[in-house]
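Trainee:
Chains as they are written, first to last, in the working numbering: chain A, 1 to 212; chain B, 213 to 435.
#1: Using only alpha-carbon positions, find the residue among B:322, B:231, B:239 that is nearest to residue 267 of chain B.
#2: Does residue 246 of chain B come out as helix, strand or coil in the three-state DSSP assignment?
#3: When you compare each of A:52, A:92, A:196, A:156 to residue 270 of chain B by their alpha carbons, which one comes out closest?
#4: How would you label residue 217 of chain B, buried or exposed, when you count the other beta carbons within 10 angstroms and need 16 or more for buried?
#5: Going along chain B in order, which residues have a C-beta closer than 8 Å to the C-beta of residue 94 of chain A?
#6: How would you write the range of the alpha helix (DSSP H) that residue 188 of chain A sits in, first residue to last?
#7: Let me confirm a value: residue 33 of chain A is counted as buried when at least 16 other C-beta atoms fall within 10 Å, else exposed. Which label applies?
#8: Helix, strand or coil: how does DSSP classify residue 77 of chain A here?
#9: So residue 157 of chain A and residue 38 of chain A are supposed to be a Cβ contact under 8 Å. How far apart are they, rounded?
#10: Report yes or no: do three or more beta-carbon pairs, one from the segment 138–151 of chain A and one from the segment 112–124 of chain A, lie closer than 8 Å?
#11: Is there a C-beta anywhere in chain A that falls below 9 Å from the one on residue 336 of chain B?
#12: Any idea what DSSP makes of residue 66 of chain A, helix, strand or coil?
#13: Using a Cβ-Cβ distance cut-off of 9 Å, determine whether residue 113 of chain A contacts chain B.
#14: What do you reckon, are the CB atoms on residue 41 of chain A and residue 397 of chain B nearer than 9 Å?
#15: What would DSSP say about residue 295 of chain B, mapped onto helix, strand or coil?
#16: Quickly, what does DSSP pair residue 180 of chain B with across the bridge? List them, please.
#17: Classify residue 387 of chain B: buried if its beta carbon has 16 or more other beta carbons within 10 angstroms, exposed otherwise.
#18: Looking at chain A, which residues of the segment 229–259 of chain B have a Cβ within less than 8 Å of any of its Cβ atoms?
#19: So is residue 431 of chain B buried or exposed if we call it buried at 16+ other beta carbons inside 10 Å?
#20: Below 8 Å, how does it come out for the segment 162–177 of chain A and the segment 11–29 of chain A: are there three or more Cβ pairs, yes or no?
#21: Output needed in chain order: residues of the segment 304–331 of chain B with a Cβ under 7 Å from some Cβ in chain A.
#22: Classify residue 303 of chain B as helix, strand or coil using the three-state DSSP reduction.
#23: What number of angstroms, rounded off, separates the C-alpha of residue 134 of chain A from the C-alpha of residue 72 of chain A?
#24: Near residue 368 of chain B, what residues of its chain come up, given a Cβ to Cβ distance below 6 Å and the 5 sequence neighbours on each side ignored?
#25: What residues in the segment 49–67 of chain A have a beta carbon less than 9 Å from any beta carbon of chain B?
#26: If distances are taken between C-alpha atoms only, which option among B:343, B:360, B:272 comes closest to residue 226 of chain B?
#27: At a Cβ threshold of 9 Å, is residue 263 of chain B touching chain A?
#28: Where residue 100 of chain A and residue 50 of chain A are concerned, what is the direct C-alpha to C-alpha distance, given to the nearest angstrom?
#29: Answer yes if the segment 185–200 of chain A comes into contact with the segment 325–342 of chain B, meaning at least three C-beta pairs across the two stretches below 8 Å, and no otherwise.
#30: By the criterion of Cβ-Cβ separation under 8 Å, what are the contact partners of residue 47 of chain A in chain B?
#31: To test your reading of the DSSP string, which unbroken alpha helix (DSSP H) runs of 4 or more residues are found completely within the segment 341–402 of chain B?
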């Protein structure tokens, strides 16, 4: 279902077919808000990108280096063919009190917030690259774009936009009904994201137990 | 009209400050202008917590007033105004308005924020901290618009005057609380990869159906 098709469903919910009480900007802004909410909080989109190391750089701003970056999952150093270990500031300070200026091939990373990730040690020359596996935020929807939300839960957008439009009409009771539906669908989406590999993993665990 | 543009603008700023104060998510670094012989320095407003202070790449450790008191004989010489590279800093005044270095700095180091995330770490005195949102450090885009919208609607409908609607205000307060709780969860998830590492069970590859891993000849192994 594309963005424009979802808007048509919302128009029907609001009995707005053929009417122009709401502008198309009202709908597109609202559906983008709902898409940002659903993707940002369910973390349903994952991706990876390779970026070059920068000489003498400890803190990388992934929000500018990667497309739609939300948070890191894992980092692979392509120079050493090793995964970087996720760690905390406290652990880095224990390893080396001057950790920010130590040179070498990165072996650890500290995820700080939605922008920054610190690497330890930092490369002294800009040689090679790393591949970052990460959770993504939603991109900008256009008319013919299909939102990257599993089909089972794509109703979350319709429910969000309908609720948002009813807010503008100050129909709070009706809006609450759609908002609660949206919350339930979002919870379902979060569960789906967490469990999407589960059957495969359970089979692996069973195999392991059989061998034991 | 009770909702002037300036009133709504002020509420947008208040919303961003309120959320970023309650949920620390804005990481910031800045350098200090160190002057030889001066121990107390005023910090920019909006600091919520200092993560680390580094003096040319070396850490300066925090010192609580009670620790200073309990360790008076040891720190007494530092109180007397001795000068060297500082080893500790004290919080002075309210909140994070000022810090005091001990011993007193024995050199001047100019502030320059150009490369404090990389090549200039070894040349500056840098403070890493959590901050309140401002024009250059805003809440992440994926949550910002909704958080701010619900906050402003909550406050605007509660304002005294023609147009006040307390039912609507309560309604948008609930929506704001929901958004804030979801955003808090998203912020907590950033460090999830560390938690997963702590809880992971080592995998015995010989006993699972993972693809086999190559094994280097003995002469390449660490023994």
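Even glycine gets a Cβ: it sits at the ideal position worked out from N, Cα and C. Values in this document were obtained by computation on a predicted structure and should not be read as measured data.
Mentor: The answer reads as follows:
#1: B:322
#2: In the structure shown, residue 246 of chain B falls within a strand segment according to DSSP collapsed to helix, strand and coil.
#3: A:92
#4: It is exposed - the Cβ of residue 217 of chain B has fewer than 16 other Cβ atoms within 10 Å.
#5: Ordered by position in chain B, no residue passes the 8 Å Cβ test against residue 94 of chain A, which lies about 11 Å from the chain.
#6: 172–195
#7: buried
#8: strand
#9: 7 Å
#10: no
#11: no
#12: coil
#13: yes
#14: yes
#15: Correct three-state label for residue 295 of chain B: strand.
#16: It is not possible to answer for residue 180 of chain B, since the shown part of chain B is limited to 213 through 435.
#17: buried
#18: 237, 238, 239, 241
#19: exposed
#20: yes
#21: 329, 330, 331
#22: strand
#23: 4 Å
#24: 215
#25: Answer set for the segment 49–67 of chain A: 54, 55, 56, 57, 58, 59, 60, 61, 63.
#26: B:360
#27: yes
#28: 23 Å
#29: no
#30: Going along chain B, no residue has its Cβ under 8 Å from residue 47 of chain A, so there is no contact; the nearest lies around 15 Å.
#31: Every unbroken stretch of the alpha helix (DSSP H) spanning 4 or more residues and falling wholly within the segment 341–402 of chain B is given here in chain order: 353–370, 378–401.
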